[in-house]
Amino acid sequence: MAVEIQLRVNGTPRQGQVEPRLLLVHYLRDVLGLTGTHIGCETTLCGACTVLLDGKAVKSCTVLAVQADGTEVTTIEGLAAQPEAGGQLHPVQEGFWEKHGLQCGYCTPGMIMTSVELLHNNPAPTEAEIRRALAGNLCRCTGYQHIIEAVRYAAKKMKLRKH
Amino acid sequence: MTTAMRYIGKALKRKEDPRLIKGLAHYVDDIRLPEMHYLGIVRSPHAHARIRSVDVSKAKSAPGVVAVLTGADLRGAIGLVPCAAQIPEMKIALRPVLADDRVRFVGEPVAAVVAGDRYAARDAMDLVGVDYEPLTPVVNPEKALAKGAPVLHEQYNDNVAYRWKLEGGDLKKAFKQADKVIRQRIINQRLIPVAMEPRGVVADYKPGEKLLTLWSATQIPHLLKTQVAVMLGMDESFVRVIAPEVGGGFGSKLNVYPEEALVGYMAIQLGRPVKWIETRRENFLTTIHGRDQIDDIEVAVKRDGRVLGLRAKVIADLGAYYQLLTPLIPTLTGLMMTGSYKIPAAQMEITGVFTNKMATDAYRGAGRPEATYLIERVMDLVSAEVKKDPAEIRRKNFPQAKEFPYATPTGLIYDSANYQKTLDLALKKANYTALRKEQSKLRKQGRSMGIGLSTYVEICAMGPSSAMPAGGWESATVRVEPTGKVSVLTGSSPHGQGQETSFAQMGAEVLGLEPDDVQVVHGDTAAVPYGIGTFGSRATAVGGTAVYKSLVKLREKLAQIAGHLLGEDPQKLIFRDKKIFSKSAAKKSLPFGEAVSAAYVAKTLPPGMEPGLDATTFYEPANFTFPFGAHVCVVEVDADTGDVRLLKYVAVDDCGNVINPLLVDGQVHGGIVQSVGQALLEEAVYDDQGQLVTGELMDYAIPRAADVPWMETARTVTPSPVNPLGLKGVGETGTIGATPALANAVVDALASFGVRHVDLPLKRERIWKLMHKVPGRAPSKARRAK
């Protein structure tokens, strides 16, 4: 029994029949081929699968594709098209590159998406606020320090761009 | 190295990052092939049981299912799961890819289901009926050694896997001359690596070409290729292994797992590509665990704090079967047991034990964090015993810088070090004297601040082949392409460490190019020469040295060509800015590309020279390297909650010369935070039925961003004499050096409660109980306020 869904993913309208139990992350990865969103735990704990659903960071391994019906989904692949990125790298992506905010890269797309949401809500977060905001995104490589620096770099850059 | 270096030593941002930050990289699960099928594994829910029967009839007729396999189907078809480590007289633990008649740990594979999509495979797994006859599980390693304990491997009389002994120096004399003997049980709890990417395998078989291609999340594509060929009975030339983007390993992917052979076998049988992706639950249950040692130690000490001898009896819990290196890992603890101290006599006796658990194997540090935790706790036990500052006790026992190379009683030769200098710098950066003053001030106010030191040394750059189970060399081919671009083909298999950048820095340095002119290729056995892989902090010090030597060979050949074309002495040419200059007449130069072109067009080469620009090195290191460092950790424990607050962390490391300091900082940070996990949060707990109760990220707490302090890092530089670039390696320093600093800080904070040792992890409950052992001793915040 398939269900019809319609949504926008990275600005592109998508529609199709999906099984009601299909997870959003499998829809993105296996149906649309957007494999930048990773699966690390299937249980909402690691944050590797974080995407933006109507601008809010959600863990797509515990959202059903049918729940995303009628929404706007942004994945790591669509970040460069965001207004603050100007078609290039998003400032958060740039920060991760500049500050060595990644090693194996597996948690990185999720980390970046959560950081984008954080900076939308709080353009100048303190170190403690960044750490708290990233509490749902696990990284086993970096020890988080360079990630904090990456988010700070992005915050500065986004502030400069606004002025 | 000189300051004239342009790229070596520079903090360049990574070449590998753009694909990773854009979501365009390909990990195993991102590989999609036409007609790909999905494999799911039915696993044992019992820690110890006999399999009476397996009923696959329902699963076979489920929608989308193309195959269901049991251990009986595979009998004789796939070889056993391999172990490369050999210890004299060790017992054999036969492990088929799918359990045949008996299961020995929860999660052991029993049957496999292949279906057209992952949901169908998952559904069909539930339809496989396995009839088990439960047997008594043996979970606690000490109980496993007791008389009458159920025996895991029924061909033997007991659960002792092996006994291993190492002894050096005159231990009898040491204990005879000792003023005091300190005894302590020190436990290195079982840990779970938790790489963020679980394991996964994709296999594709082309019957016409007879070629099996296997993509696996592995740290050792070449060794895996050899082992899979052996397990499947194939000609190795027809097996190609590709380690694509790999999402962290920490030793957990330094292995050969049953699924790697199984997925390859199914792809051959079905004639279709097959994918298996580990779930996180499976990752906890069936990817190797680490540590798990009980160390009973005796220390012979002089009244002034000099350590004369150290004896350790170790019980190493190996789990139910050996994985690739399982039996070897605890022996590394023996080699490093005297740490950075001049202890004349040492002895370790290890008893390896089979229990109904997942195998332990190489988890980041592999045997050395255990040694460092042991010896660094010993140093603090000694300072408590003789009532001297821990920094002073360490200084008293260090070998002096001029004593290197230094021979340990455990048979190692430490290459180079200056332990005093590193400790001094760490104490200065941490403001140690002021910290001690603040501590005593706070103690008077009833607050428990603790300062912990760790002056570790580790064994890296693994290693000379004579000391390794399956070769310790590394390979590199460097090829300058006809267009002048450089391909570095390395046998190392980086999975986050950043060698695509650091090896490019080497290439640019040696050949006078830009790092962007150099592409590093790795992980594909069809593209790069046979190699060993990335583990044991070896990729830069061993793999990088192979790259460097190949680069130098090519530079020499290019110098010959350029010298011939310019009419100059090849010895007097320098490579810079994509040109080859003459030192004698600076204006005489040749574009790099022209010399390259000459090598391929081959009309103007010096007489007798072979065309082409390709150089291969199989570099065999003469010794290990021994990075070291001094870490200082400051904590405050809360008497009301038992909470440990990390106030300060200073890490001064010495990994010899550095190719890229940014990458080194990243390795150090990540390692320290894994230590925070070991010290404060992480513990693999099996219940008495052998069920892993910490089998999810909900129950097994790896550190989050908010759990860790800001880390201050610094370095001293003592080049290693072992390799030409003076490199030591840095991949494991954090996990080796930091755990004892954290533990020592907490014990120091609790010293006024009469505590001299606490087992890890330092959970709130454990600490609170220690602080409240004597009622009224721990001043609560409320009482302090009065």
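If you read the sequences in order, they're chains A and B.
The opening residue of the first sequence carries number 15 in this note's numbering; numbering runs sequentially from there.
The opening residue of the second sequence carries number -18 in this note's numbering; numbering runs sequentially from there.
Positions of the beta carbon are idealized from the N, C-alpha and C atoms, including for glycine.
It should be emphasised that the depicted structure is a prediction, and the values quoted were computed from it without experimental measurement.
Does DSSP put residue i in a helix, in a strand, or in coil?
i, result
"B/Y630", "strand"
"A/F110", "helix"
"B/F86", "coil"
"B/W749", "helix"
"B/I640", "coil"
"B/G431", "strand"
"B/V703", "coil"
"B/Y186", "strand"
"B/D740", "coil"
"B/H270", "strand"
"B/D160", "coil"
"B/D104", "helix"
"B/E768", "With chain B covering only -18 through 767, there is no way to say anything about residue 768 of chain B."
"B/Y246", "helix"
"A/T140", "coil"
"B/E575", "helix"
Mind checking whether residue i and residue j have CB atoms under 8 angstroms apart?
i, j, result
"B/Q420", "B/K466", "no"
"A/A79", "A/Y120", "no"
"A/V130", "A/I144", "no"
"A/T85", "A/N24", "no"
"B/A442", "B/V528", "no"
"B/P179", "B/I249", "no"
"B/A184", "B/L116", "no"
"B/V182", "B/E241", "yes"
"B/G633", "B/T714", "Sequence inspection shows Val at residue 633 of chain B; the Gly mentioned does not correspond to that position. In this structure, B/T714 does not lie closer than 8 angstroms to B/V633 by Cβ."
"B/G271", "B/T341", "yes"
"B/G676", "B/L172", "no"
"B/F516", "B/G232", "yes"
"B/V613", "B/A398", "no"
"B/P742", "B/L661", "yes"
What separation, rounded to the nearest whole angstrom, lies between the Cα atoms of residue i and residue j?
i, j, result
"A/A147", "B/V689", "14 angstroms"
"B/N121", "B/T336", "7 angstroms"
"B/R375", "B/F573", "53 angstroms"
"A/T51", "A/G115", "17 angstroms"
"B/R557", "B/V461", "16 angstroms"
"B/S563", "B/L554", "5 angstroms"
"B/P705", "B/V509", "23 angstroms"
"B/I324", "B/L628", "33 angstroms"
"B/A763", "A/K73", "Confidence in B/A763 is poor, its pLDDT being 49 and thus under 50, which makes the residue's placement unreliable; the coordinate value appears in the next sentence. B/A763 and A/K73: Cα-Cα distance of roughly 41 angstroms."
"B/R103", "B/E114", "25 angstroms"
"B/T194", "B/T521", "28 angstroms"
"B/G286", "B/H7", "55 angstroms"
"A/T58", "A/A71", "12 angstroms"
"A/D44", "B/A301", "37 angstroms"
"B/H27", "B/I73", "22 angstroms"
"B/P475", "B/S321", "29 angstroms"
"B/A93", "B/A66", "28 angstroms"
Around the C-beta of residue i, are 16 or more other C-beta atoms found within 10 angstroms, so that it is buried, or is it exposed?
i, result
"B/M679", "exposed"
"A/T122", "buried"
"B/I748", "buried"
"A/A149", "exposed"
"B/V666", "exposed"
"B/Q274", "buried"
"B/S837", "The requested residue 837 of chain B is not part of the displayed model; chain B covers only -18 to 767."
"B/K767", "For B/K767, the predicted structure reports a pLDDT of 43, less than 50, and the residue's modelled location is therefore unreliable. The matter cannot be settled from this model."
"A/V32", "buried"
"B/W196", "buried"
Contact check, residue i vs residue j under 8 angstroms by CB: the rounded distance?
i, j, result
"A/T183", "A/G124", "Given that chain A is displayed from residue 15 to residue 177, the structure contains no residue 183 of chain A and the question cannot be resolved."
"B/I683", "B/V175", "5 angstroms"
"B/V282", "B/V367", "7 angstroms"
"B/M212", "B/G60", "4 angstroms"
"B/V618", "B/G348", "With 8 angstroms as the limit, B/V618 and B/G348 do not qualify as a contact, their Cβ atoms being about 30 angstroms apart."
"B/F609", "B/Y354", "Incorrect: roughly 16 angstroms between the Cβ atoms, too far for contact."
"B/G149", "B/A327", "6 angstroms"
Cβ of residue i less than 8 angstroms from any chain E Cβ?
i, result
"A/G30", "Structure shown: chain E not included; protein chains present are A and B."
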